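Asker: Sequential numbering of the sequence shown, starting at 1, is according to the working numbering.
For every residue, glycine included, the Cβ atom is placed at its ideal position computed from N, Cα and C.
These numbers were taken from a predicted model, which means no experiment stands behind them.
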Amino acid sequence: MSDTVDRSKMIDRLLASKRTEDRLRAVEAIRVSDDTSWNSRLIDLLDVRPNYLAAVASKAVSELARLDDAPKLLECFESLLSSGTDRDPSYEIRSRLAFTFGRLEYWPAEPALQQGIRRYDSSGGGDVAGALRANCAVALAEMRTKDALRDISLLLFNHAQPPGPQVAAVKALVRLGDRSALVPLAILLANPDGVRPEVLEEAMDAVVELQDERAVEVLGPYLRDSDPGLVVRAALSLAKTHRPEIPELIKGVLGDLSREYLSKVILALGIMRTEEADRALIEIARSPREAERVAAIEALGVGRSVAGLKALEEIAKTDASPAAGNAARKILDDRMT
Numbered sequence: 001m002s003d004t005v006d007r008s009k010m011i012d013r014l015l016a017s018k019r020t021e022d023r024l025r026a027v028e029a030i031r032v033s034d035d036t037s038w039n040s041r042l043i044d045l046l047d048v049r050p051n052y053l054a055a056v057a058s059k060a061v062s063e064l065a066r067l068d069d070a071p072k073l074l075e076c077f078e079s080l081l082s083s084g085t086d087r088d089p090s091y092e093i094r095s096r097l098a099f100t101f102g103r104l105e106y107w108p109a110e111p112a113l114q115q116g117i118r119r120y121d122s123s124g125g126g127d128v129a130g131a132l133r134a135n136c137a138v139a140l141a142e143m144r145t146k147d148a149l150r151d152i153s154l155l156l157f158n159h160a161q162p163p164g165p166q167v168a169a170v171k172a173l174v175r176l177g178d179r180s181a182l183v184p185l186a187i188l189l190a191n192p193d194g195v196r197p198e199v200l201e202e203a204m205d206a207v208v209e210l211q212d213e214r215a216v217e218v219l220g221p222y223l224r225d226s227d228p229g230l231v232v233r234a235a236l237s238l239a240k241t242h243r244p245e246i247p248e249l250i251k252g253v254l255g256d257l258s259r260e261y262l263s264k265v266i267l268a269l270g271i272m273r274t275e276e277a278d279r280a281l282i283e284i285a286r287s288p289r290e291a292e293r294v295a296a297i298e299a300l301g302v303g304r305s306v307a308g309l310k311a312l313e314e315i316a317k318t319d320a321s322p323a324a325g326n327a328a329r330k331i332l333d334d335r336m337t
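1) In this structure, does DSSP put residue 1 in helix, strand or coil?
2) Over the uninterrupted alpha helix (DSSP H) stretch that includes residue 51, give me the two end residues.
3) Please list, in chain order, all residues of the same chain as residue 257 whose beta carbon is under 8 Å from its beta carbon, the five residues on each side excluded.
4) Using 10 angstroms around the beta-carbon of residue 69, count the other beta-carbons present and answer buried if the total reaches 16, otherwise exposed.
5) Rounded C-beta distance between residue 259 and residue 291? I'm assuming under 8 Å.
6) If we call anything under 9 Å between Cβ atoms a contact, is residue 296 one with residue 305?
7) How many angstroms separate the CA atom of residue 1 from the CA atom of residue 165?
8) What's the gap between the Cα of residue 150 and the Cα of residue 141?
9) Please look up how many angstroms separate the CB atoms of residue 129 and residue 144, rounded, as I've assumed it's under 8 Å.
10) If we require 4 or more residues per run, which alpha helix (DSSP H) segments fall completely within the stretch 275-304?
11) Enumerate, from N- to C-terminal direction, the unbroken alpha helix (DSSP H) stretches of 4 or more residues contained entirely within the stretch 76-105.
12) Kindly provide the ranges of any alpha helix (DSSP H) runs that are 4 or more residues long and lie completely inside the stretch 194-279, ordered along the chain.
13) Check residue 121 in the structure and name its three-state DSSP category.
14) Using only the alpha-carbon positions, how far apart do residue 204 and residue 185 sit?
15) By a C-beta neighbour count over all protein chains shown, 10 Å radius and 16 as the cutoff for buried, is residue 45 buried or exposed?
16) Taking the alpha carbon of residue 188 as the point to measure from, which residue in 157, 162, 335 has its own alpha carbon closest?
17) Which word fits residue 62, buried or exposed, when buried means at least 16 other C-beta atoms lie within 10 angstroms of its C-beta?
18) Closest to residue 194 by C-alpha separation, out of 214, 160, 167, 211, would be which residue?
19) Could you pull the start and end residues of the alpha helix (DSSP H) that residue 46 belongs to?
20) Taking residue 12 as the reference, give the member of 26, 106, 174 with the closest Cα.
Structure representation (structure tokens):
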């Protein structure tokens, strides 16, 4: 008990100090203690100088805030939204507060979050509000607000920004848990001009995560994309569906791929671990193209099904290619150790 009292007195003394270093120590002590009784004092620090003290305090607030702190946090958030960059030049405080509203599922923050998701600020020479937009998207998804799908989609389709907020928008659509989220994702994937590859790749995974039967229809065309990196990502994403038609779709594009990408696409069949995928891999392991055979052998080593191991035993004995035979024997030897 005395230790707790002593710590409280120390924190109180440090918070009252005029020295920034002392107040920083107080904030860290509160954060590691998980003591929410200091939340009101922490929130007061969000509007003090220097700015980095307020930013450090915002980190503690984002971790410790409770629902009864939310009205005061919203007041601070709205004030910061209307104040430019003077009090929060890096948008760090606003970004953390947006995240906090999502964690608390504080519905009254919706209008302010809708403002935040549309905020752009290049006053620092770059777009300093990107993290704010990203966290507003996540918060609106967590709260499942009435217009969340619309608000997040508007962020998703703004290609004149760094990819981070768009990737966050994709993740937010999945977090929303609404099957209608497939619609903006499908539109994005069907119209990829100007969309960065990392955004497209994230959208592919999101389509699968939504567990919609239309995933194959949406992602299938990317198996014929001119960008082999997107072909690989589409194959890996489609493999996660475990749909029986996927192995034949993947087999149909192997002839268009170089060795570098071929092994990655065939590996997608290995991670499926289905009978259809095993059959496809065994067929590919008998291809006249050595690179396909070796890649299929390695993928069979991933699944290690009974049928796959039996095929590897035959390949180890009969394949005339040293590379293929050695690859099969290595997998079989590893199985025995």
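Answerer: On the basis of the coordinates in this document:
1) Its pLDDT being 49, under 50, residue 1 is placed unreliably by the model, and the measurement read from it follows with that caveat. The answer is coil: DSSP assigns residue 1 none of H, G, I, E or B.
2) 51-64
3) 228, 231, 265
4) buried
5) 5 Å
6) no
7) Its pLDDT being 49, under 50, residue 1 is placed unreliably in this model, and the coordinates cannot settle the point.
8) 11 Å
9) Not a contact, Cβ separation roughly 24 Å.
10) 275-284, 290-303
11) 92-104
12) 197-209, 215-219, 228-239, 246-251, 259-272
13) coil
14) 8 Å
15) buried
16) 157
17) buried
18) 160
19) No alpha helix (DSSP H) contains residue 46, which DSSP labels as neither H nor E.
20) 26
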